[in-house]
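Residue numbers (my numbering): 23 to 599.
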């Protein structure tokens, strides 16, 4: 049975395809369009999935769409009645977007006009946004039974959903409706700090350790914790025209409305200007917002754990990308085991919709848990060589052992290496398949990377990829983190050993590298370990203010326009400097 999952007309559009419950391929459309968070119909991602599965559109059994325009219809009507000031333009955009989701067969028909729309329409299953998130976490987890949490800005009029997963079924326990949203709170603070773009929230998380949470009590007036384990927003702090919080124009680029109200500005201060220096006040405000968000997540999870009595929890949604909060869950709640998928954000909706349809709706048995994020594009050495020759680029092809020896030497000698190997990752994190690598022991590694390639804010950290057998030697928590989804404290005696990946508060957003799932990346880190004594590499995404590279062309172009020292494309090494 083939099930195609789709996230369309929503930020981070994507597609994922499953054969008998096993994921064959999954990828974001932005990897093809080269536009971050692209939000149209993922035509190229769908085509890629079909090719990887070796089937035609006609051969699909089901198409699961991770949106349900009919969800919470009465609540939407009540909201419009309560807030009649919602702009007609915003309402029109919502209706237009819902109509696109409701007629997905039109877009699928464009991919293969030989398949009738009527035939395609019969195959479509619409899965509500947060149920898709829950499914992406639970059905991919190793847990037979698990408490469930989906938490984000909003989707299908919900912002938070809790439940229980048992076997191949999901039971919804409760939810929080729009506009009460921790995602909206965090985005409003993000904008107040002078970061206006969709997806800028991670900058606040990176900035937080440089400040002190002095203003948590002040911020408590914005988020009201409820006795039932959920919450409400004090809407005086948020702009009133919330219906159009995120808009998608003809270019399919998500645009976030201005969220801080005049009342928020009165209470917390003005929006920081584009070129205005980050004062200590704003840094402390970032620290306070992060701390309060963590407290809210723990508040929800502690109530959920007591309500269910279950020790496992599966989490997804945009707020599940807050790796700092994730790393503290087992130390601040009753849960002992946490699973978060590689694409916990909205790209994972495609994966979750397909899994929900297959397991919950179609009552099919669950398959093996997902510990590999490598579901994207892949290119052979022969394809890469042909491309390099077409561009008149000199290269050297090496056998594996020679390659790892050569690249580890380059890293030890202050080299910055673009590493393109195997299938691309599904999700926002580069995990050694589309990564830029450096020596974590170098005090100046962050400056080297930012001057040569990344050109990003100095307060944003770089991540350590560590061989999983050595986690307990370097971190205070020994836990597998395959998708770089958790931040843990680094042991104090190791701060000076790996300064390039030790954040201001002594933590690191680690990725544990498993030989079974990442054999080539594991072998490279191990080669570096044998020479340096350190089983870690600094890892950041292979890009330069763009989506992560998806093809040899993207990788070569990034290499040529930056000051990267070495480019590795599978076994082909390019070194033009």
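No residue lacks a Cβ here, since even glycine has one placed at the ideal position from N, Cα and C.
Problem - Buried versus exposed call for residue 366 [16 or more other C-beta atoms within 10 Å across all chains shown] - result: buried
Exercise for the section: Please classify residue 183: does DSSP put it in a helix, a strand, or coil? Expected result: strand
Handout entry: CB of residue 415 within 8 angstroms of CB of residue 307, strictly
Key = no
Exercise for the section: Please list, in chain order, all residues of the same chain as residue 28 whose beta carbon is under 6 angstroms from its beta carbon, the five residues on each side excluded. Expected result: 37, 87 and 372
Practice task
Could you spell out the range, first to last residue, of the beta strand (DSSP E) harbouring residue 86?
Solution key: 84–87
Exercise for the section: Ignore the nearest five residues each way along the sequence and tell me which others in residue 509's own chain have a CB closer than 6 angstroms to its CB. Expected result: 345, 346, 349, 529 and 531
Problem - Buried versus exposed, by CB contacts within 10 Å (16 or more), residue 287 - result: exposed
Handout entry: Beta bridge counterpart(s) of residue 456 as assigned by DSSP
Key = 442
Exercise for the section: For the stretch 540–592, list the beta strand (DSSP E) runs that are entirely contained and at least 3 residues long, ordered along the chain. Expected result: 558–563 and 588–591
Problem - residue 405 in three-state terms, based on DSSP - result: helix
Exercise for the section: Determine the burial state of residue 561: buried for a count of at least 16 other Cβ atoms within 10 Å of its Cβ, exposed for fewer. Expected result: buried
Problem - Coil, strand or helix - residue 26 by DSSP - result: strand
Handout entry: Distance, residue 591 Cα to residue 421 Cα
Key = 12 angstroms
Problem - The beta strand (DSSP E) enclosing residue 254, as first and last residue numbers - result: 253–255
Exercise for the section: Reducing DSSP to helix, strand and coil, say where residue 110 ends up. Expected result: With a pLDDT of 48 at residue 110, under the threshold of 50, the modelled position of this residue cannot be trusted; read the value that follows with caution. Of the three classes helix, strand and coil, the one that applies to residue 110 here is helix, per DSSP.
Problem - Limits of the unbroken alpha helix (DSSP H) element including residue 97 - result: 95–104
Handout entry: Test item: CB-CB of residue 318 and residue 260 under 8 angstroms
Key = no
Exercise for the section: Have a look at 300, 226, 356 and 292 and flag the residue whose alpha-carbon is nearest the alpha-carbon of residue 314. Expected result: 226
Exercise for the section: Find out if the Cβ-Cβ distance for the pair residue 478, residue 472 is shorter than 8 angstroms. Expected result: yes
Practice task
Check whether the stretch 31–49 touches the stretch 59–75, taking contact to mean three or more Cβ pairs, one atom from each stretch, closer than 8 angstroms.
Solution key: yes
Handout entry: Three-pair Cβ contact test at 8 angstroms for the stretch 402–415 versus the stretch 551–570
Key = no
Practice task
Please look up how many angstroms separate the CB atoms of residue 90 and residue 149, rounded, as I've assumed it's under 8 angstroms.
Solution key: 6 angstroms
Problem - Cβ pair residue 496, residue 518 closer than 8 angstroms - result: no
Problem - Chain-order list of residues whose beta-carbon lies under 7 angstroms from that of residue 537 (same chain, five-residue window excluded) - result: 544
Practice task
Taking the CB atoms as reference points, tell me whether residue 172 and residue 94 lie closer together than 8 angstroms.
Solution key: no
Exercise for the section: Please classify residue 53: is it buried, with 16 or more other beta-carbons within 10 angstroms of its beta-carbon, or exposed? Expected result: buried
Handout entry: Cβ contact check for the stretch 353–366 and the stretch 319–333: 3 or more pairs under 8 angstroms
Key = yes
Exercise for the section: Have a look at 175, 43 and 127 and flag the residue whose alpha-carbon is nearest the alpha-carbon of residue 206. Expected result: 175
Problem - DSSP bridge partner residues for residue 487 (one or two, in chain order) - result: 533 and 559
Practice task
Mark residue 76 as exposed unless 16 or more other C-beta atoms lie within 10 angstroms of its C-beta, in which case mark it buried.
Solution key: exposed
Problem - Enclosing beta strand (DSSP E) for residue 36 [first to last residue] - result: 36–41
Practice task
Please determine if the stretch 153–168 and the stretch 370–385 are in contact, where contact requires at least 3 C-beta pairs separated by less than 8 angstroms.
Solution key: yes
Exercise for the section: Could you give the DSSP three-state label for residue 389: helix, strand or coil? Expected result: coil
Exercise for the section: Specify whether the stretch 422–433 and the stretch 564–574 touch according to this definition: at least 3 beta carbon pairs, one from each stretch, less than 8 angstroms apart. Expected result: no
Exercise for the section: In angstroms with no decimal places, state the Cα-to-Cα distance between residue 30 and residue 270. Expected result: 12 angstroms
Exercise for the section: Name the one or two DSSP bridge partners that residue 637 has. Expected result: The chain is shown only over 23 to 599; residue 637 falls outside these bounds and no answer can be derived.
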